[in-house]
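A short write-up of the structure that comes next.
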Amino acid sequence: MNVALAHDYLNQFGGAERFLESLMNFFPEAPIYTLLYSEKKTLERFKHRTIKTSILNNPLIINNHRHIIPFLPLASQLINISDEYDLLISSTAGYAKGFSYNSQKTFHISYCYTPLRYAWEDEEYLHTHPIFQSKPLFQQCVKPLTSYLRTWDYSAGQKPDILIATSHFIAEKIRKNYGRDPYVIYPGTDLNTFFPEPKKRDYFLAIGRLLHYKKFDLVIDAFNTLKLPLKIAGTGPEKQALMARVKSPYIEFVDGNIKNDKKLRDIYSGARALIFPQVEDFGLVAVEAIACGTPVIAYKKGGAEEIIKEHRSGIFFNEQTKEALIHAVHQFNSMHFNPWIVRREAESLSTDVFREQFLAVIEDYTTLRRERLSRMAV
């Protein structure tokens with residue numbers, strides 16, 4: 001069976017790219033089709049794999065792809081996946097499910113982190129985009145652009161033969177936006193890589209790409225008041241604005257390009273808790289933290305509700321406000337969590353569990369494909 005992988009773009013390294021590595025381990029010979037690729041920005045994790053990119057793949061766009069949102073759907077459709085592949089597996093939060101291929105010859109399984117945010121997030125996601133904030137005239141373009149993106153994303157969402165959602169939270173969005181009923185398979189975390197280290201747990205941690213919706217500003221505002229040690233690990237377009245927001249000497253930005261898994265494990269294991277204030281499709285960093293024995297203080301919405309078991313692997317706060325987070329941190333400080341008991345909650349979210357469930361879907365694919373070929377032969 002010839003397999004190809006597809007991913008929206010490889011110009012950053014986060015939870016989606018770590019998940020793609022899991023797929024690569026299942027299919028070591030499969031090439032990766034993607035809009036953009038930067039070996040440096042992906043920490044050289046994909047340099048030994050065949051990467052096939054779009055016409056947009058140049059340094060200027062790699063560094064500024066969010067400024068050309070209207071052109072990404074078209075560029076996606078211009079990526080043409082060869083007929084030689086029996087199976088296409090797309091890993092996508094938007095564009096890869098819309099790559100072109102021969103649907104009579106290639107079966108398509110799409111692992112969907114979320115429907116395209118720019119299309120479906122009530123225009124808020126586009127309104128907070130830097131290009132629309134900096135140029136008021138562009139604000140008038142938000143509504144027609146959203147309408148265009150919704151039309152394209154709905155159509156692209158009909159292409160895969162099988163859709164898999166990263167969480168029940170996202171499955172509901174897929175049902176609402178695409179009118180389709182997906183499988184739900186949580187992405188796995190390697191428990192041999194992430195486990196508790198004997199570290200002094202003396203700081204709180206916020207980690208991830210520094211983007212508006214991740215709500216690092218909320219964390220900084222809360223810890224400016226709390227005067228407790230906080231480490232922020234991440235890179236992204238919001239970094240300078242977030243650094244300017246810091247008022248407490250106890251808040252520290254650390255290198256967000258953590259290439260080494262041991263260093264990542266160490267930073268999780270050294271934390272008293274991971275602060276998780278955003279609404280995530282799933283929340284792989286929360287699972288990695290739990291696997292390292294680090295409890296999570298999370299906003300109670302999205303994938304976090306499916307990952308975190310209250311008072312066993314963390315606690316929740318119910319409002320996305322500075323005051324609610326401060327209250328949750330005070331509550332957390334009155335509690336005790338045993339790292340190895342916390343870790344147990346990650347066992348059902350391991351790569352082994354994911355592999356078993358995902359390969360069961362592949363088995364379904366082979367059955368469906370046989371049926372399709374039989375019908376075509378008649």
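Note that the sequence shown covers residues 1 to 378 in the UniProt record's numbering.
Just so you know, even glycine gets a beta-carbon here, dropped at the ideal spot from N, CA and C.
None of these values were measured; they are calculated from a predicted model.
Taking buried to mean at least 16 other C-beta atoms within 10 Å of its own C-beta, is Ser147 buried or exposed? The residue you call residue 147 lines up with position 147 of the sequence shown. So Ser147 ends up on the exposed side.
For Ile251, which option in Lys263, Asp217, Pro277, Thr366 has the closest C-alpha, if you only look at C-alpha atoms? Here the question's residue 251 lines up with position 251 in the sequence shown. When only C-alpha atoms are compared, the closest one is Asp217.
Close-in-space but distant-in-sequence residues of the same chain around Gly15 (CB under 7 Å, 5 per side omitted): The sequence position of residue 15 within the sequence shown is 15, counting from 1. These residues qualify, in order along the chain: Leu284, Val285.
Taking Met243 as the reference, which of Asn224, Ile258, Lys259, Leu228 has the closest Cα? Along the sequence shown, one-based indexing puts residue 243 at 243. Taking only the C-alpha atoms, the option nearest Met243 is Asn224.
Work out the CA separation of Arg375 and Val279 for me, nearest whole Å. Locating residue 279 in the sequence shown gives position 279, where the first residue counts as 1. Locating residue 375 in the sequence shown gives position 375, where the first residue counts as 1. When rounded, the separation of the alpha-carbon atoms in Val279 and Arg375 is 44 Å.
Anyone know if the C-beta pair for Ala324 and Gly314 falls short of 9 Å? For this step, residue 324 is matched to residue 324 along the sequence shown. For this step, residue 314 is matched to residue 314 along the sequence shown. No, the Cβ-Cβ distance between Ala324 and Gly314 is not below 9 Å.
Could you tell me which residues DSSP pairs with His108 in its beta bridges? One-based indexing of the sequence shown puts residue 108 at position 108. In DSSP, His108 forms a bridge with Leu88.
From the DSSP output, read off the bridge partner residues of Phe314. Taking the sequence shown and counting its residues from 1, the one referred to as residue 314 is at position 314. The residue asked about is misnamed: residue 314 is Gly in this sequence, not Phe. Gly314 pairs with Val296, Glu310.
Taking contact to mean at least 3 C-beta pairs separated by less than 8 Å, is the stretch 66 to 84 in contact with the stretch 98 to 107? Segments in contact, yes.
CB Tyr113 to CB Ala4, shorter than 9 Å? Taking the sequence shown and counting its residues from 1, the one referred to as residue 113 is at position 113. Taking the sequence shown and counting its residues from 1, the one referred to as residue 4 is at position 4. Their beta carbons are not under 9 Å apart, which means Tyr113 does not touch Ala4 by this criterion.
Going along the chain, which unbroken runs of the alpha helix (DSSP H) with 4 or more residues stay wholly within the UniProt domain "Glycosyl transferase family 1" (196 to 332)? 216 to 226, 239 to 245, 261 to 269, 284 to 291, 304 to 307
Using C-beta distances below 6 Å, list every residue in its chain close to Lys173, excluding the 5 sequence neighbours before and after it, in chain order. Taking the sequence shown and counting its residues from 1, one reaches residue 173 at position 173. Contacts found: Pro115.
Limits of the beta strand (DSSP E) - the one that Ala6 falls within: Counting from one through the sequence shown, the residue named residue 6 turns up at place 6. Counting along the chain, the beta strand (DSSP E) containing Ala6 begins and ends at 3 to 7.
Just to confirm before moving on: does the CB-CB distance between Val287 and Ile307 stay below 9 Å? Translated into positions along the sequence shown, residue 287 becomes position 287. Translated into positions along the sequence shown, residue 307 becomes position 307. Yes.
Within 10 angstroms of its Cβ, does Gly179 collect 16 or more other Cβ (buried), or is it exposed? Position 179 of the sequence shown holds residue 179. Burial is judged here by how many other beta carbons sit within 10 angstroms of a residue's own beta carbon; Gly179 has fewer than 16 and is exposed.
If you follow the beta strand (DSSP E) that Thr34 is in, where does it begin and where does it stop? Taking the sequence shown and counting its residues from 1, one reaches residue 34 at position 34. First-last of the beta strand (DSSP E) with Thr34: 32 to 34.
May I ask you to check if the CB of Leu87 is nearer than 8 Å to at least one heavy atom of the ligand PLP? The model on display carries no ligand, and the ligand PLP is accordingly not part of it.
Take Tyr183 as the anchor and find which of Leu56, His168, Lys52, Asp261 has the nearest alpha-carbon. Sequence index remark: in the sequence shown, residue 183 carries index 183 (1-based). Answer by Cα proximity: His168.
Please report the distance separating the alpha-carbon of Asn58 from that of Asp281. In the sequence shown, residue 58 corresponds to position 58, counting from 1. In the sequence shown, residue 281 corresponds to position 281, counting from 1. If I take the Cα positions, the gap works out to 29 Å.
So, for Leu60: in the same chain, excluding its five sequence neighbours on each side, which residues have a beta-carbon less than 7 Å away from its beta-carbon? Here the question's residue 60 lines up with position 60 in the sequence shown. Contacts found: none.
Bridge partners of Val184, per DSSP? Taking the first residue of the sequence shown as 1, we reach residue 184 at position 184. Paired residue(s): Ala165.
Just the Cα atoms here: how many angstroms apart are Lys52 and Asp261? On the sequence shown, position 52 is the one that residue 52 refers to. On the sequence shown, position 261 is the one that residue 261 refers to. In this structure, the CA atom of Lys52 is about 26 Å from the CA atom of Asp261.
Rounded to whole angstroms, what's the CA-CA distance from Tyr203 to Lys301? Just pull it up for me. Counting from 1 along the sequence shown, the entry for residue 203 is found at position 203. Counting from 1 along the sequence shown, the entry for residue 301 is found at position 301. Straight-line Cα distance between these residues: approximately 24 Å.
Would DSSP call Ile81 helix, strand or coil? Indexing the sequence shown from 1 puts residue 81 at position 81. Ile81: coil per DSSP, three-state reduction.
Neighbourhood of residue 390 by C-beta distance below 6 Å, restricted to the same chain and skipping five residues each side: As shown, the chain starts at 1 and ends at 378. That puts residue 390 outside it, with no answer to give.
Could you tell me the distance, in whole angstroms, from the CA atom of Ala273 to the CA atom of Ala304? Residue numbering aside, residue 273 sits at position 273 when the sequence shown is read from its first letter. Residue numbering aside, residue 304 sits at position 304 when the sequence shown is read from its first letter. The straight-line gap from Cα to Cα measures roughly 14 Å.
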